[in-house]
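Structure record follows, encoded as structure tokens.
Numbering (the working numbering), first residue to last: 1 to 98.
Put into structure tokens, the structure is as follows:
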């Protein structure tokens, strides 16, 4: 585990405060467009995840670690499929607690 550059947990609302920094988010995949995922953040807002990503099916939840490159997008470095059943209610409160 690399602790030299920790990733802050964000949702779509908090992402603009961290542009240019390493972030971590969970996104529900709505659709894919080329090498991007269009998804829904834990706060029900739209996020775009860019980069060379594996093929994720719609409704799958994906944890993404990468660089916030705009107010609505993350350039993924690591992406992990966390399945189709995920506790969005619990996870949506984490960015507000930290």
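For each residue, glycine too, the CB sits at the ideal point set by N, CA and C.
Legend entry - Endpoints, beta strand (DSSP E) assigned at residue 19: In the DSSP assignment, residue 19 falls outside any beta strand (DSSP E), carrying neither H nor E.
Legend entry - residue 81 in three-state terms, based on DSSP: It is a strand residue.
Legend entry - Euclidean distance between Cα positions of residue 34 and residue 65: Their Cα atoms are separated by approximately 19 Å.
Legend entry - Extent of the continuous beta strand (DSSP E) run through residue 39: Residue range 36-41 is occupied by the beta strand (DSSP E) that includes residue 39.
Legend entry - Minimum C-alpha distance to residue 14 - residue among 55, 6, 68: Of 55, 6, 68, the residue nearest in Cα terms is 68.
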